[in-house]
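I have placed the structure first, in the form of structure tokens, so that the comments after it can refer back to it.
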Amino acid sequence: MVELDAVLSELGDFGRYQAFTYLLICLPVFFSAANSLTYVFTAGVPPYRCFVPDCDAGENSEFSQPWLSMAIPPLTSEGPYQPAQCSRFVRNGSGCVSGAFDTNQVENCDKWVFYPGEKTIVNEWGITCLDNQWKLSLVGTLHFAGILIGSLLCGYLADRFGRKLVLVGSLVLMSVTGVLQAVAPSYLVFQFFVLLNAVGTSGVYPLAFILGVELVGPSKREMSSMVINYFYAVGEASVGLFAWLFDDWQSLQLIVSVPPIFFIAYYWAVPESVRWLLTQKKNVKAKKIVQKVARANGVHLSQEILSTFDEGSDSDSEEQKIHTQGILQSARALLRSKRLVLRSLYLFFIWAANAFVFYGLSVNSTSLGGDKYLNFSMVCLAEIPGYSLAWLCLHKGRRPSLCGSMLLCAVTCLAAAFIPQDSHTGILILFLIGKVGITASFGIIYVYTAELYPTTMRSASVGACSMMARFGAMVAPFAPLLSIYSAPLPLLLFGSVSFVASLLSLLLPETVGTVLPDSVNQAEALCDKDQA
Numbered sequence: 000m001v002e003l004d005a006v007l008s009e010l011g012d013f014g015r016y017q018a019f020t021y022l023l024i025c026l027p028v029f030f031s032a033a034n035s036l037t038y039v040f041t042a043g044v045p046p047y048r049c050f051v052p053d054c055d056a057g058e059n060s061e062f063s064q065p066w067l068s069m070a071i072p073p074l075t076s077e078g079p080y081q082p083a084q085c086s087r088f089v090r091n092g093s094g095c096v097s098g099a100f101d102t103n104q105v106e107n108c109d110k111w112v113f114y115p116g117e118k119t120i121v122n123e124w125g126i127t128c129l130d131n132q133w134k135l136s137l138v139g140t141l142h143f144a145g146i147l148i149g150s151l152l153c154g155y156l157a158d159r160f161g162r163k164l165v166l167v168g169s170l171v172l173m174s175v176t177g178v179l180q181a182v183a184p185s186y187l188v189f190q191f192f193v194l195l196n197a198v199g200t201s202g203v204y205p206l207a208f209i210l211g212v213e214l215v216g217p218s219k220r221e222m223s224s225m226v227i228n229y230f231y232a233v234g235e236a237s238v239g240l241f242a243w244l245f246d247d248w249q250s251l252q253l254i255v256s257v258p259p260i261f262f263i264a265y266y267w268a269v270p271e272s273v274r275w276l277l278t279q280k281k282n283v284k285a286k287k288i289v290q291k292v293a294r295a296n297g298v299h300l301s302q303e304i305l306s307t308f309d310e311g312s313d314s315d316s317e318e319q320k321i322h323t324q325g326i327l328q329s330a331r332a333l334l335r336s337k338r339l340v341l342r343s344l345y346l347f348f349i350w351a352a353n354a355f356v357f358y359g360l361s362v363n364s365t366s367l368g369g370d371k372y373l374n375f376s377m378v379c380l381a382e383i384p385g386y387s388l389a390w391l392c393l394h395k396g397r398r399p400s401l402c403g404s405m406l407l408c409a410v411t412c413l414a415a416a417f418i419p420q421d422s423h424t425g426i427l428i429l430f431l432i433g434k435v436g437i438t439a440s441f442g443i444i445y446v447y448t449a450e451l452y453p454t455t456m457r458s459a460s461v462g463a464c465s466m467m468a469r470f471g472a473m474v475a476p477f478a479p480l481l482s483i484y485s486a487p488l489p490l491l492l493f494g495s496v497s498f499v500a501s502l503l504s505l506l507l508p509e510t511v512g513t514v515l516p517d518s519v520n521q522a523e524a525l526c527d528k529d530q531a
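Written out as structure tokens, the structure reads:
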């Protein structure tokens with residue numbers, strides 16, 4: 000039987016070959032992150048106002064006019080005048096002077112004038128006014144629905160056909176459907192490609208993570224699992240930069256979707272996961288890859304290591320049968336355990352809360368005062384110190400780290416909701432600290448959850464929790480709609496949800512320094528050890 004960690008010890012934990020392959024793997028993660036958040040700007044709302052007949056000059060109308068305050072009511076009663084988006088005063092005379100409009104009567108309009116520069120699907124298909132806002136939020140929800148579908152589909156396909164093949168297929172699907180979004184002839188067709196694009200995007204990060212980490216030795220595994228998240232954060236932040244440089248949604252969509260098609264070359268440039276090949280008993284292919292790595296690293300593998308690749312197993316089907324029976328038995332035992340059922344419910348809420356707040360803060364960042372492109376990019380880059388904080392805190396204790404990071408997010412979000420709304424810098428600073436906290440929480444919860452379940456149920460349990468997170472993410476794009484009624488409401492919601500989740504995390508047992516449980520009884524006993 001091949002012990003891959005022993006092989007990696009001889010190869011070198013992070014030699015030249017692993018470093019080069021790891022860098023290759025991180026590049027598509029950058030573009031998958033960018034594709035995952037373009038909807039924030041493609042479905043963004045540019046400034047617009049009602050078209051005023053006999054005053055505006057058709058398609059050549061200018062947004063700002065000296066007569067606007069006489070023809071259109073103010074958007075809000077506070078601050079400098081801004082024209083309402085969907086109503087105008089009823090005309091009772093001729094010309095564009097104060098006496099030509101009845102300021103006591105308003106009417107809805109069916110034509111609009113947009114502020115020059117920014118162009119989104121709002122301009123493209125006239126998705127204006129409050130009764131159409133759900134169509135814009137639905138873009139984000141469909142994206143996360145596609146992520147949910149793709150996560151289930153890509154996971155199965157990767158186990159069946161290999162990590163590399165499914166990664167390349169996901170990249171091609173992401174690229175093609177991203178381009179098709181840019182040329183979609185209607186809102187419905189656009190939404191169809193949003194869903195398919197998310198299915199492709201969902202397979203890139205997890206498979207790149209697996210391919211990148213599985214060829215790295217034990218001493219570099221934490222480092223490699225963290226650095227790939229840095230590429231993801233920079234990829235997200237780049238969306239803000241691209242949206243600022245290219246002020247129409249189609250150019251933004253193309254700039255993040257066309258380059259990934261060239262990653263099709265990874266089918267030949269990137270090796271398959273050696274661990275996957277070994278589980279499929281494709282030892283000859285695994286041996287060739289290991290020998291290639293050894294040559295690139297300038298290492299001579301011992302004959303003892305190489306000979307282990309020639310050993311096979313004739314009892315695969317029997318082992319699989321026993322493994323499957325073990326999973327079913329553990330599942331039944333878990334459902335009979337009140338302690339583990341409650342633990343699962345707590346984790347389901349914590350995961351959903353994490354995803355809801357994490358993505359909600361990213362989407363809501365464009366609604367803050369100041370430059371929305373800079374705000375968005377800064378909120379995304381806040382994930383880098385967030386993941387670094389998780390890395391540092393994990394060794395101090397899983398439970399206090401998880402609770403503290405979510406509490407940090409809760410306190411800063413609630414504080415941002417209560418300070419004056421014109422304090423743009425103060426709100427942004429608190430907002431960024433909140434994103435650091437929820438990102439750290441996301442980094443911790445993956446490790447923590449895996450340590451709370453028995454070996455036979457570990458993958459399935461983490462998968463179930465991850466699925467609950469997808470549902471939280473699907474609701475997140477609708478949270479900014481609350482700002483229509485009151486600007487602080489989204490922040491109050493994010494803070495409250497984070498606070499409840501932080502309290503629930505205190506009901507979980509501590510796992511730092513404990514042996515991973517192999518059975519349901521051992522998983523139950525974690526609480527007893529924690530109380531001892």
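Each residue of the sequence shown is one higher than the last, beginning at 0 in numbering that gives the first Met the number 0.
We treat Cβ as the ideally placed atom computed from N, Cα and C, and that holds for glycine.
All values reported here derive from a predicted model rather than from experimental measurement.
| query | result |
| --- | --- |
| So, for Gly425: in the same chain, excluding its five sequence neighbours on each side, which residues have a beta-carbon less than 6 Å away from its beta-carbon? | Ile418 |
| State the DSSP-derived secondary structure class of Val215, mapped to helix, strand or coil. | coil |
| The alpha helix (DSSP H) that contains Trp66, what's its start and end? | Taken as a continuous stretch (DSSP letters only), Trp66 belongs to no alpha helix (DSSP H), as it is neither H nor E. |
| Name the one or two DSSP bridge partners that Ser86 has. | Asn107 |
| Given that a residue counts as buried once 16 or more other Cβ atoms are within 10 Å of its Cβ, and exposed if not, what is Pro65? | exposed |
| When you compare only the Cα positions, how much space is there between Lys134 and Cys402? | 35 Å |
| Grab the span of the alpha helix (DSSP H) containing Tyr532 for me, first residue to last. | Given a span of 0 to 531 for the chain in the structure shown, any question on residue 532 remains unanswerable. |
| Report the three-state DSSP secondary structure of Cys54 (helix, strand or coil). | coil |
| Going along the chain, which residues of its own chain have a beta-carbon closer than 8 Å to the beta-carbon of Ser272, five neighbours each way excluded? | Gly161, Arg162, Lys163, Ile209, Leu210, Glu213 and Leu214 |
| CA-CA distance, Ile24 and Asn196? | 20 Å |
| Whose C-alpha, out of Tyr358, Leu431 and Pro399, is nearest the C-alpha of Thr411? | Leu431 |
| Mapping the DSSP letters down to three states, classify Phe13 as helix, strand or coil. | coil |
| Could you tell me whether the Cβ atoms of Leu346 and Cys464 are closer together than 8 Å? | yes |
| From Tyr447, Pro453 and Pro205, pick the residue whose C-alpha is nearest to that of Leu156; which is it? | Pro205 |
| Could you tell me the alpha carbon to alpha carbon distance between Ala531 and Leu502, rounded to whole angstroms? | In this prediction, Ala531 has a pLDDT of 47, which is less than 50 and means its spatial position is unreliable; what the coordinates show is noted afterwards. Distance between the alpha carbons of Ala531 and Leu502 is about 21 Å. |
| Sort out for me which residues DSSP pairs Cys49 with in a bridge. | Trp111 |
| Have a look at Gln290, Trp124 and Ser218 and flag the residue whose alpha-carbon is nearest the alpha-carbon of Leu187. | Trp124 |
| Assign Thr448 to buried or exposed, taking buried as 16 or more other Cβ atoms, counted over all protein chains shown, within 10 Å of its Cβ. | buried |
| In three-state terms, what does DSSP make of Asp313? | With a pLDDT of 43 at Asp313, under the threshold of 50, the predicted position of this residue should be treated as unreliable, though the coordinate-derived value follows. Coil, per DSSP. |
| With a threshold of 16 other CB atoms inside 10 Å of the CB of Val238, please say whether the residue is buried or exposed. | buried |
| Smallest Cα separation from Leu10: which of Asp421, Leu74 and Gly297? | Gly297 |
| Keeping to the same chain, check which residues put their C-beta closer than 8 Å to that of Phe50; ignore five residues upstream and five downstream. | Ser60, Cys108, Lys110, Trp111 and Val112 |
| Of the choices Ser343, Phe355, Lys281 and Val257, whose alpha-carbon is the least far from that of Ala181? | Val257 |
| Identify, in the order they occur along the chain, each residue of the same chain with its Cβ nearer than 7 Å to the Cβ of Tyr16, setting aside the five sequence neighbours on each side. | Val292, Ala295 and Asn296 |
| Report the option in Met473, Thr510 and Ser364 whose CA atom is closest to the CA atom of Lys395. | Thr510 |
| Sorted by chain position, which residues of the same chain lie with C-beta nearer than 6 Å to Leu388's C-beta, five sequence neighbours on each side aside? | Ala439 |
| Taking only the alpha-carbon atoms, compute the straight-line gap between Ala5 and Trp248 and give it to the nearest angstrom. | 50 Å |
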